[in-house]
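Residue numbers (our numbering), protein chains in the order written: chain L, 3 to 395; chain W, 3 to 395.
By construction, the Cβ of each residue, glycine as well, lies at the ideal position given by its N, Cα and C atoms.
Scroll down for the structure; my scribbles are underneath it.
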């Protein structure tokens with residue numbers, strides 16, 4: 003019995019939702035274990051074998067404690083005060099497999115759960131919880147040779163700053179200076195940063211495991227911060243709009259996403275790529291350079307790969323839109339278009355676009371992550387599916 | 003006028019301390035700026051030019067909000083609710099220069115300030131604030147060549163796990179496979195982890211700046227987690243004590259610190275060092291290997307360097323104790339003993355020990371960080387003073 007389908011369309015209060023869950027869902031199995039993303043020595047939050055999450059917050063004299071996670075759109079999970087004065091609560095249904103950001107509302111303020119590690123998302127360091135996925139083996143930390151994830155500090159004259167990138171280099175990298183590698187530039191989503199793909203995404207472990215199993219030839223992954231202009235959509239710091247005293251007929255404020263991609267294009271193409279090619283053992287040419295991104299990073303990928311067809315040959319949009327055949331002026335330069343999303347993200351657009359691209363003669367591949375939404379398990383799986391398709395020629 | 007000396011010995015309530023500060027301290031200069039460690043877009047906490055810190059927490063219906071930072075031992079800084087329902091407060095005096103961990107008590111629970119980045123200390127991810135130091139230039143991010151900080155995942159059979167180390171490699175590392183480097187193994191303090199030295203300590207920037215200025219020959223720094231056995235002193239998870247039914251005459255429970263160092267010694271010597279020597283361009287011998295640590299990491303350094311005189315030649319204890327000449331059996335193997343602490347940490351012991359070591363013929367050097375206590379500015383300065391003394395021969 004699927005809790006989500008049962009409750010669709012019902013306007014439930016939190017109280018009645020709780021009640022409903024108690025009546026209509028199978029009994030909650032009491033095999034809760036600490037989430038694997040907890041801080042050391044922390045017993046909560048916990049997850050059970052059905053995917054329920056249980057939270058415990060210490061705030062003895064608080065008036066209300068609420069966790070932002072829970073079944074869609076009903077304000078998350080309200081915790082109730084226990085006899086020992088702690089606040090506890092369990093999601094009213096199982097959560098999707100994989101990683102979820104969340105935060106805790108305490109007396110009207112937004113805080114993190116002291117029990118969990120923090121992950122940068124939504125332009126803040128958030129709490130995170132992991133519902134173990136049935137296919138988690140592909141990103142598990144195993145006894146295989148491991149590559150490095152290295153912090154690079156590179157000069158960025160366009161932003162008058164020194165910026166950070168994280169670079170995955172495969173096992174054995176650097177032992178033979180004659181061995182050079184293709185490079186994937188891999189972007190995070192809105193509100194995230196350069197830590198997202200290796201921390202939430204386990205990109206390095208996905209690569210280590212794929213390489214150990216012989217399924218891919220090794221390549222480098224470069225991850226950097228893509229919100230170059232400090233945009234904070236939905237928040238206070240949008241890109242500059244025309245001055246209030248601008249003459250009539252001034253152009254309208256730019257599309258925020260276009261502004262993000264164009265500011266980032268300068269950092270990526272004029273600053274980061276030359277730095278990486280000068281300091282790492284790269285195959286520094288278009289056939290050996292790919293760009294992909296999730297969500298906003300996919301939109302950046304689309305904008306930049308179309309703007310600069312001589313830079314990248316392999317494109318990946320993970321929950322990040324589609325290409326149309328007519329977007330691309332020189333088909334011969336494009337070796338792969340990979341489009342993916344979760345099955346809960348309206349995958350029809352991706353399937354249709356892939357068919358159109360194939361019909362137009364492109365090497366287009368789609369992948370739909372079963373049972374996941376706009377979250378990181380979708381993108382871990384997307385990277386796992388995309389990586390073997392890169393740099394085949 | 004020094005607030006701390008004025009209030010010494012007075013048993014002040016928080017209310018009277020606040021009152022006192024208002025009467026007796028110079029006026030607070032209203033030039034507060036966001037702390038450099040704030041999360042993106044966050045205006046609070048703030049720091050002024052005198053070193054006062056001002057906090058703002060949103061929790062409209064909370065009963066009490068208190069920040070753990072403040073002048074010694076009086077429970078930190080109590081915030082008061084403002085007309086807009088936010089909670090605000092300013093430390094009752096200037097804080098020491100440098101980095102400080104803190105947390106926020108809200109209605110009896112311990113949380114982090116949503117305004118700041120988090121730093122692992124006290125076995126939890128804590129809030130952090132930086133009071134700009136007058137000498138901060140030596141660890142500033144500058145337009146100089148930058149080395150990498152790379153995450154290494156290495157097998158640890160003794161703990162049945164795969165462990166993490168962070169490795170600083172200097173600019174240009176790896177471009178010439180014939181160029182090999184000495185290695186400093188550098189340990190964090192109690193409750194911290196392998197991220198502390200590069201994040202709170204800016205060890206990589208200190209090295210980049212020293213190398214750029216020609217003050218040192220480049221070397222590698224390896225940082226790993228030193229609380230191998232999961233000890234949590236003062237908490238619930240101490241090392242195993244003899245079973246309750248152990249026969250009379252069983253040895254007493256081990257000294258917790260000795261147990262930490264001995265468990266860590268296995269990981270460091272049998273697992274990490276061989277991995278580093280196999281995978282990095284190291285000079286893999288005792289004359290080119292140093293060990294140093296701060297606080298608990300210093301105690302580990304002392305234990306391990308004395309246990310294994312053939313592994314390390316240069317020793318550094320940063321707020322981490324002293325050596326006595328009679329501790330060391332073969333003087334010829336020890337090339338440097340560096341002892342340091344903050345001037346607020348009773349430096350007499352370090353000065354006396356250094357004199358004794360010198361009198362016994364050791365190359366012993368002491369350094370006292372002026373105006374700092376058992377905090378990270380002391381250790382940033384300690385590393386900066388120690389680095390040029392390493393691997394001179």
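Check                                                                                                                      : Outcome
Host beta strand (DSSP E) of residue 97(W) (start-end)                                                                     : Careful: residue 97(W) lies outside any beta strand (DSSP E) and carries neither H nor E.
Simplified DSSP state of residue 365(L), which is helix, strand or coil                                                    : coil
Minimum C-alpha distance to residue 360(L) - residue among 282(L), 328(L), 189(L)                                          : 328(L)
Alpha-carbon to alpha-carbon, residue 229(W) and residue 127(L)                                                            : 25 Å
Any chain L beta carbon closer than 8 Å to residue 126(W)                                                                  : yes
Where the alpha helix (DSSP H) containing residue 400(W) begins and where it ends                                          : Since the first residue of chain W shown is 3 and the last is 395, residue 400(W) is not available in this structure.
Residues near residue 146(W) in its chain [Cβ-Cβ closer than 7 Å; skip 5 each side]                                        : 210, 211, 214
Residue 313(L) in three-state terms, based on DSSP                                                                         : coil
Bridge partner(s) assigned by DSSP for residue 157(W)                                                                      : 164(W)
Residues bridged to residue 259(W) [DSSP beta-bridge criterion]                                                            : Answer is none; residue 259(W) lacks a bridge partner.
Residues, ordered as in the chain, of the segment 37–68 of chain L that lie near chain W by beta-carbon distance below 7 Å : 41, 42, 43, 59, 60, 61, 62, 63, 64, 65
Cβ of residue 145(W) within 8 Å of any chain L Cβ                                                                          : yes
Residue 2(W), DSSP secondary structure in three states                                                                     : Here chain W comprises residues numbered 3 to 395, so residue 2(W) is not present and cannot be evaluated.
Partner residues on chain L for residue 203(W), Cβ-Cβ distance less than 9 Å                                               : Residues of chain L passing the Cβ test: none, with the nearest at roughly 14 Å.
Opening and closing residue of the alpha helix (DSSP H) in which residue 214(L) lies                                       : 205–214
Chain W within 8 Å of residue 345(L), Cβ atoms only                                                                        : no
Neighbour flag for residue 208(L) against chain W, beta carbons, 8 Å                                                       : no
Where residue 373(W) sits in the DSSP three-state scheme                                                                   : coil
Identity of the residue in 48(W), 42(W), 39(W) nearest residue 31(W) by Cα                                                 : 48(W)
Rounded C-alpha distance that separates residue 95(W) from residue 46(W)                                                   : 18 Å
Inside the segment 267–327 of chain L only - alpha helix (DSSP H) runs reaching at least 4 residues                        : 275–281, 298–309
Three-state secondary structure assigned by DSSP to residue 59(W)                                                          : strand
Beta-carbon spacing of residue 318(L), residue 303(L) below 8 Å                                                            : yes
CB contact flag (residue 150(W), residue 118(W), <8 Å)                                                                     : no
Reference residue 173(L), options 282(W), 59(W), 41(W), 362(W), closest by Cα                                              : 282(W)
Exposure label - residue 116(L); buried when at least 16 CB within 10 Å                                                    : buried
Residue 136(L) burial status per 10 Å Cβ neighbour count (16 or more: buried)                                              : exposed
Cβ-based burial, residue 348(L) [other Cβ within 10 Å; buried from 16]                                                     : exposed
Cβ of residue 224(W) within 8 Å of any chain L Cβ                                                                          : no
Residue range of the alpha helix (DSSP H) that includes residue 226(L)                                                     : Unbroken run through residue 226(L) is the beta strand (DSSP E), 222–226; no alpha helix (DSSP H).
Host alpha helix (DSSP H) of residue 199(L) (start-end)                                                                    : 198–201
Nearest residue (CA-CA) to residue 326(W), options 365(W), 295(W), 296(W), 313(W)                                          : 365(W)
Straight-line gap, residue 183(L) to residue 286(L) (C-alpha atoms, nearest Å)                                             : 9 Å
First through last residue of the beta strand (DSSP E) which encompasses residue 129(L)                                    : 126–133
Through-space distance from residue 220(L) to residue 181(L), alpha-carbon basis                                           : 11 Å
Closest by C-alpha distance to residue 301(L), when choosing among 275(L), 273(L), 342(L), 291(L)                          : 342(L)
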